[in-house]
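Heads up: the structure comes next, in structure tokens.
2 protein chains.
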Amino acid sequence: MGNLHIYDDPSWSRKYNELDRQVHGLEGAPEWNALRTMLPDIQGANILDLGCGCGWVCRWAREKGAAKVLGIDLSESMLAKAAEFPDDPAITYARRNMEEDLQLPAAEFDVEFSSLALHYLVNLPGLFDQVYRSLKPGGVFVFDVIHPIRLATENPSWAEGVHRNEWPVDAYLVEGQRSLKWLGGNVQLQHRTIAGYLMLLIGAGFMLAAIEEWGADENQSKAFPYWIESGHCPVFVHFKVVKPKS
Amino acid sequence: MGNLHIYDDPSWSRKYNELDRQVHGLEGAPEWNALRTMLPDIQGANILDLGCGCGWVCRWAREKGAAKVLGIDLSESMLAKAAEFPDDPAITYARRNMEEDLQLPAAEFDVEFSSLALHYLVNLPGLFDQVYRSLKPGGVFVFDVIHPIRLATENPSWAEGVHRNEWPVDAYLVEGQRSLKWLGGNVQLQHRTIAGYLMLLIGAGFMLAAIEEWGADENQSKAFPYWIESGHCPVFVHFKVVKPKS
Chain A
1 MGNLHIYDDP SWSRKYNELD RQVHGLEGAP EWNALRTMLP DIQGANILDL
51 GCGCGWVCRW AREKGAAKVL GIDLSESMLA KAAEFPDDPA ITYARRNMEE
101 DLQLPAAEFD VEFSSLALHY LVNLPGLFDQ VYRSLKPGGV FVFDVIHPIR
151 LATENPSWAE GVHRNEWPVD AYLVEGQRSL KWLGGNVQLQ HRTIAGYLML
201 LIGAGFMLAA IEEWGADENQ SKAFPYWIES GHCPVFVHFK VVKPKS
Chain B
1001 MGNLHIYDDP SWSRKYNELD RQVHGLEGAP EWNALRTMLP DIQGANILDL
1051 GCGCGWVCRW AREKGAAKVL GIDLSESMLA KAAEFPDDPA ITYARRNMEE
1101 DLQLPAAEFD VEFSSLALHY LVNLPGLFDQ VYRSLKPGGV FVFDVIHPIR
1151 LATENPSWAE GVHRNEWPVD AYLVEGQRSL KWLGGNVQLQ HRTIAGYLML
1201 LIGAGFMLAA IEEWGADENQ SKAFPYWIES GHCPVFVHFK VVKPKS
């Protein structure tokens, strides 16, 4: 997960911090509206955000009544940015490598969440096992990743591609490392098929509750010019899975 | 489902009957090997095949010890071809329109199966409800359809396209009617996203047990030249779902 350090590369992260989702937070992330409808009522809940960045979702969860929130990220600069927001004793931020030293307590969380972080992980099966173990029975895990249609080709180019309605799909079934050209950098990600994600989740013991292949609709494309014309070809895929009660 | 009558169009079905899967049966269908591994042990089981064609899977199920098999299809010529095989009193074939007059008994079948038929249906939610109702609790439903990546564009051309490794994806999120150029005809199909299929299944009460996005691997491409170079871009998607016991 060394690739996550790109968020700590000053010249790259300067561009990243100019994105709507960094300037405006969740209001600047057009997929958030769809993603949050997958979350259960979090009043009084204990929440874990895996790859919390500067903590937009952690703070949102507290506004919605979460009792306790733990935000995990590998990026020092992101966590430093999180620390600039007014202190909330019910939110804890911790620097952790999700593939190495996560060490979550068993049956601790009601809801676990992750946005656009898990496509960085090579050892995703290990992470899914940790999520399963650390959720209470009946607990919910909601996450999204870049849609595999967008990552499949050998040299995906996000900055150009996201504006295109037609997207060439090649090497979709060849899972593994991709080097994505984005914001002038080469971001290292793991390409997995939708079936690949689902079979890992089922293998970890989860039950699929919902899935959405997301692209910006016409109105969103108007409000977020960055996403224009992405509506016909999905950009992200959202998963909601449940740890069965018995 | 009037479009299914293309199987009863003599000039089109002459070409269809020249395909490996019609000449050689299941041995001529490169995806069958993967699909059958999704099926449970069918010894003594009561089986329904939705869109059975000339009955390859019905006869295979009897070879594997199925107690009783019902094969349903809309095509008269396919059912006539099924009747040319040696009679087996444990196999019943019936002409039915899956969208109109299926009328399946409740909790009757152990396993229901469908291969490359359900992408014809407009009223797929209605069919899934019937499958759910007619399965015994704990029963299994295995089916495959053309992968939505292959059907997404406004004018998909199967005959050309299946040979291509790179496939242009457009209008993926726009579900609905597609006219697929195949074997010199225009076959009317319904494009649904993977999430679309899954949410209909979950909505009907099913639990996802397995999913596979299938393309021919290198060896299969050698054995089945028709499928050459399809390996990197999935051709079909296979689903296995279960009706929960309680």
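Each protein sequence line maps, in turn, to chains A and B. Take the first sequence: its position 233, counted from the start at 1, is 233 in the numbering used here, and no numbers get skipped. Take the second sequence: its position 61, counted from the start at 1, is 1061 in the numbering used here, and no numbers get skipped. By construction, the Cβ of each residue, glycine as well, lies at the ideal position given by its N, Cα and C atoms.
Neighbour-count burial assignment, residue i, 16 or more Cβ in a 10 Å radius
i: B/F1239; result: buried
i: B/G1002; result: At B/G1002, the pLDDT of 47 sits below 50, so the modelled position is not reliable and the matter cannot be decided from this model.
i: A/E154; result: exposed
i: A/Q103; result: exposed
i: B/K1243; result: buried
i: B/R1150; result: buried
i: A/Q130; result: buried
i: A/S13; result: buried
i: B/H1232; result: buried
i: B/M1038; result: buried
i: A/S134; result: buried
i: A/D41; result: exposed
i: A/A106; result: exposed
Whole-Å CB distance - residue i paired with residue j, under 8 angstroms assumed
i: B/Q1190; j: B/G1176; result: 7 angstroms
i: B/P1148; j: B/I1194; result: 6 angstroms
i: B/L1035; j: B/V1142; result: 7 angstroms
i: B/V1169; j: A/W167; result: 5 angstroms
i: A/D144; j: A/S115; result: 6 angstroms
i: A/R95; j: A/L79; result: 6 angstroms
i: A/K81; j: A/C54; result: 4 angstroms
i: A/T214; j: A/E100; result: Sequence inspection shows Trp at residue 214 of chain A; the Thr mentioned does not correspond to that position. Incorrect: roughly 30 angstroms between the Cβ atoms, too far for contact.
i: B/M1098; j: B/L1127; result: 5 angstroms
i: A/G139; j: A/F109; result: 6 angstroms
Closer than 7 angstroms at the beta carbon, the chain A residues around residue i
i: B/C1052; result: Simply none; closest approach about 26 angstroms.
i: B/D1170; result: N165, E166, H232 and C233
i: B/M1207; result: M207
Beta-carbon neighbours of residue i, restricted to chain A and to distances below 8 angstroms
i: B/L1173; result: E213, G215, G231, H232, C233 and P234
Proximal chain B residues relative to residue i, where beta-carbon distance stays under 7 angstroms
i: A/T193; result: E1213
Chain-ordered neighbours of residue i on chain B, where CB pairs are closer than 9 angstroms
i: A/M199; result: A1210, I1211 and E1212
Residues sharing a beta bridge with residue i, DSSP
i: A/Q190; result: A/Q177
i: B/G1051; result: In DSSP, B/G1051 forms no bridge with anything.
i: A/Y93; result: A/G71
i: A/L135; result: A/F109
i: A/F236; result: A/I146 and A/W214
i: A/W56; result: Looking at the DSSP assignment, A/W56 forms no beta bridge with any residue, so it has no partner.
i: B/S1013; result: Note: B/S1013 sits in no beta bridge, so no partner.
i: B/N1033; result: Answer is none; B/N1033 lacks a bridge partner.
Contact list for residue i against chain B, beta-carbon separation under 8 angstroms
i: A/I202; result: L1208, A1209 and A1210
i: A/I149; result: I1149, V1169 and Y1172
Validate contact between the segment 1022 to 1032 of chain B and the segment 1043 to 1051 of chain B using beta carbons, cut 8 angstroms, 3 pairs: Flag = no, the segment 1022 to 1032 of chain B and the segment 1043 to 1051 of chain B do not touch.
Determine contact between the segment 1201 to 1219 of chain B and the segment 1013 to 1020 of chain B, defined as no fewer than three beta-carbon pairs at a distance below 8 angstroms. A contact between stretches requires three or more CB pairs, one per stretch, nearer than 8 angstroms, and the segment 1201 to 1219 of chain B fails this requirement with the segment 1013 to 1020 of chain B.
Are the segment 59 to 78 of chain A and the segment 87 to 98 of chain A in contact at 8 angstroms, needing three or more beta carbon pairs? yes
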